[in-house]
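If you're matching positions, the sequence shown starts at 30 in the numbering used here and goes up one per residue. Beta carbons: idealized from backbone N, C-alpha and C, even for Gly. Quick caveat, the model's predicted, so the values are computed rather than measured. Single-structure report; data block below.
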Amino acid sequence: MFDLLAPSLAWAEEAAAPAAGGNGLGGLLQGPLPMLVLMFAIFYFLLIRPQQKKAKQHKELLANLRKGDEVITSGGIYGKITGITNDMVVMEIAPQVRIKIARGHVAGLATESAPAAAPAADKEKK
């Protein structure tokens, strides 16, 4: 007997709920849409936006490369720019040793302290 009455009670409760509270903004905020919007916002501010800023800075760096700049490549090679074209950079990595690399593989400007720090650390160990 109880099984026969249970479905009718459930239908009665569902019908009474919209009349009491309405189906306004509260019902919308409980759905999956706000969670998707929140997840997109988190991904944008934590992943997409910083990556776009970094790409913009790298593009500006490549546009401002000049002959004589000390740079480091994405492969970790330090050198001085001796020639530059639209898509290629000629670097001198040792006296009379020059290599050609793609302009996009310049990772950044090399600071004077980075290459000099390694020999200084070796002198301290001795």
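Residue burial annotation: Met120 is buried, with at least 16 other C-beta atoms found within 10 angstroms of its C-beta. A straight-line Cα-Cα distance of about 16 Å links Arg127 and Arg95. In terms of Cα proximity to Thr114, the closest of Ala139, Lys129, Met64 is Lys129.
Leu138 is bridged by DSSP to Val100. The beta carbon of Val135 sits closer than 7 Å to those of Leu91, Leu94, Val100, Thr102, Val118, all from its chain and outside the five residues before and after it, given in chain order. Contact between Ile110 and Gly97 is confirmed by a C-beta separation of about 6 Å, below the 8 Å threshold. Judged by DSSP secondary structure, Arg127 falls within the beta strand (DSSP E) whose first and last residues are 126-131. Residue environment for Gly133: exposed (fewer than 16 other C-beta atoms within 10 angstroms of its C-beta).
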